[in-house]
Ligand SMILES: Nc1ncnc2c1ncn2[C@@H]1O[C@H](COP(=O)(O)OP(=O)(O)O)[C@@H](O)[C@H]1O
Ligand SMILES: [Mg+2]
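Protein chains in written order, with our numbering: chain A, 14 to 267; chain B, 3 to 295.
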């Protein structure tokens, strides 16, 4: 899968996994951060990676993005050819226009047209010529989403993409991301520390703790996704438990 | 995963048609916001850059007019203006000015190209940095003036020597500031370039050059001033044309007015060229949001 352009010929068997991580060990210096992580993501599957701050979520995501050259470790990582990354900061080039940022590195002759369409998709039609600093934080992050999706990724990696946004903007971004993912069908790994964000968006939630996968839970609409679904409370409590938060005690002291 | 389900579940995040008031300023209260930022230098005004030089000129006029300044030490401004019109009428000033400007432009051009190429070489590869940075720092420690005897020996006293001297003065600030600008480009942008799989060439074009542009312009302002300075030096030694030669000739005849005219021309040229660079800088860096605006 990592070879050629990542597209399988019709004759080939449909792949069952887009991402495959085996025995991933990573550490900065002598201190281990990831101590043997195994993770599979199916094509089109939306996985949320939960974990307390500093547990190695970004380290794992950076390994998948191929950005961890300077980190020691072992294990195997298989990712598709077309991977897009959305960072917590929108990471727009301040010296390029909004459209220039979206089409950064695209070489096809219709790149501009595709960029315009991607901007329209995230609700920013008409802002093509603006400078990034002229946009609000939420708008900048939408440009970053357009930049990722215009490349038709097979895997979308997002590291706390809404972490810096206010609660209302964050909710709007959730529905936008759900729309976009449904339309483009990439596999997604969303890093977050927000349990509700994970439940609202993901098909599967993976909790990382002490450098290992501590818990995995499926999220199924109609069963445990909405607060009034029967399985919701159990799912919520087990996730908080895995994160080391005792909800009753948290409520008692609140 | 079905889109419909997710969308329905997330409908609370949709922008609703909420009821909003008219907003704005309540009737009867004037808009009392201060017009400028409280901290920072305030808004930009046209021709403000001329205020300082104009003040200097006024002081000169005042000192000469009241007799405080002896014309034998420094000519009066009006004498200089009269001299200028004489020299313009005879065509001499234009001729010298044209030759000087040509030398400065050539030296500036080669210096900019050399400085940028060296900065890119040093900034984009460790080998380049190891090879380039040391020699440039050494050159930086040697004033152009000190190199002049050697350059005269090598190239004689013709145009090559003059342009080369200017080039050697110009490329150093261009190199230093562009290199510094390049090194200050944050790694997060390099990471971004990697994730969108930019080619090396596209990386230089889209990230490195624009990111180094603020540094380059800073270097350019030093370089332009430096070009005029080098010009004075080369034109006052073994030259038969140019503003510097005109002044040197006037010195042997004791013509203070022409010397001061030459100084005034250098001053005006310096001011104009710096203004041009600043204008260019503001245009090219309009994406920046800085305190000066
Ligand atoms: N570049 C680095 N150098 C040294 N230690 C690092 C570096 N990046 C992260 N770490 C450490 O690795 C651990 C995991 O970091 P990270 O993956 O960023 O956590 P998370 O994203 O889950 O908050 C933290 O303890 C952090 O201090
Ligand atoms: Mg992180």
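Glycine included, each C-beta is placed from N, C-alpha and C at the ideal position.
Exercise. From the DSSP output, read off the bridge partner residues of residue 41 of chain A.
Key: A/44
Quiz item: To which residues of the same chain is residue 232 of chain B closer than 6 Å at the C-beta, ignoring the five residues directly before and after it?
Solution: 146, 167, 168, 171
Quiz prompt | Any 3 or more C-beta pairs closer than 8 Å across the stretch 195–211 of chain A and the stretch 58–74 of chain A | solution = yes
Practice problem: Could you please give the first and the last residue of the uninterrupted alpha helix (DSSP H) stretch that includes residue 66 of chain B? | Solution: 53–67
Quiz item: Which residues of chain B have a Cβ atom closer than 8 Å to the Cβ of residue 78 of chain A, listed in chain order?
Solution: 197
Self-check item: Residue burial classification, residue 114 of chain B (beta-carbon count within 10 angstroms, cutoff 16)
Solution: buried
Quiz item: Is the beta carbon of residue 177 of chain B within less than 8 Å of some heavy atom of ligand 1?
Solution: no
Quiz item: Ordered along the chain, which non-local residues of its own chain (more than five positions away) have a Cβ less than 8 Å from that of residue 129 of chain A?
Solution: 112, 138, 141
Exercise. Measure how close the beta-carbons of residue 225 of chain B and residue 90 of chain B come, nearest whole angstrom, since I'm counting them as under 8 Å.
Key: Going by Cβ atoms, the distance from residue 225 of chain B to residue 90 of chain B rounds to 29 Å, so no, they are not a contact pair.
Quiz item: In chain B, which residues lie with their C-beta within 9 Å of the C-beta of residue 130 of chain A?
Solution: Neighbours of residue 130 of chain A on chain B: none; closest Cβ ~18 Å, over 9 Å.
Quiz item: How would you list, in chain order, the residues of chain B whose beta-carbon sits under 7 Å from the beta-carbon of residue 118 of chain A?
Solution: 198, 199, 200, 204
Practice problem: Report whether the distance from the Cβ of residue 208 of chain B to the nearest heavy atom of ligand 2 is below 8 Å. | Solution: no
Quiz item: Would residue 133 of chain A be called buried (16 or more neighbouring beta carbons within 10 Å of its own) or exposed?
Solution: exposed
Exercise. Determine the direct distance from the alpha carbon of residue 241 of chain B to that of residue 271 of chain B, and round the result to whole angstroms.
Key: 20 Å
Quiz prompt | Start and end residues, alpha helix (DSSP H) containing residue 86 of chain A | solution = No alpha helix (DSSP H) contains residue 86 of chain A, which is instead part of the beta strand (DSSP E) from 85–91.
Practice problem: Under 7 Å Cβ to Cβ from residue 77 of chain B, same chain only, skipping five residues before and after it: list those, please. | Solution: 258, 259, 262
Quiz item: Can you name the residues of chain A whose CB is closer than 8 Å to the CB of residue 210 of chain B?
Solution: In chain order: nothing, as chain A lies at least about 11 Å away.
Quiz item: Roughly how many whole angstroms lie between the Cα atoms of residue 131 of chain B and residue 123 of chain B?
Solution: 7 Å
Quiz item: ligand 2: which residues have Cβ under 7 Å from any of its heavy atoms, chain order?
Solution: A/70, A/71, A/172, A/173, A/204
Self-check item: Contact between the stretch 69–77 of chain A and the stretch 118–129 of chain A (3+ Cβ pairs under 8 Å)
Solution: no
Exercise. Using the Cα positions of residue 276 of chain A and residue 249 of chain A, report the straight-line distance between them to the nearest angstrom.
Key: In the structure as shown, chain A starts at 14 and stops at 267, and residue 276 of chain A therefore has no counterpart that could be examined.
Quiz item: Can the beta-carbon of residue 169 of chain A be found closer than 9 Å to that of residue 194 of chain A?
Solution: yes
Quiz prompt | chain B contact residues for residue 146 of chain A, given Cβ-Cβ distances below 8 Å | solution = 289, 291
Quiz item: Hey, quick one: how far does the alpha helix (DSSP H) through residue 114 of chain B stretch, first residue to last?
Solution: 94–126
Exercise. Determine the direct distance from the alpha carbon of residue 282 of chain B to that of residue 32 of chain A, and round the result to whole angstroms.
Key: 49 Å
Quiz item: Taking DSSP as the reference, what is the three-state secondary structure of residue 75 of chain B?
Solution: coil
Practice problem: Using alpha carbons as the reference points, say which of A/239, A/196, A/148 lies closest to residue 291 of chain B. | Solution: A/148
Quiz item: Does any C-beta atom of chain A lie closer than 9 Å to the C-beta of residue 250 of chain B?
Solution: no
Self-check item: C-alpha gap between residue 55 of chain B and residue 207 of chain B, whole angstroms
Solution: 39 Å
Quiz item: In three-state terms, what does DSSP make of residue 261 of chain B?
Solution: helix
Quiz item: If you measure from the CB of residue 67 of chain A, is any heavy atom of ligand 1 nearer than 8 Å?
Solution: yes
Quiz item: Regarding residue 46 of chain A and ligand 1, is the C-beta to nearest heavy atom distance less than 8 Å?
Solution: yes
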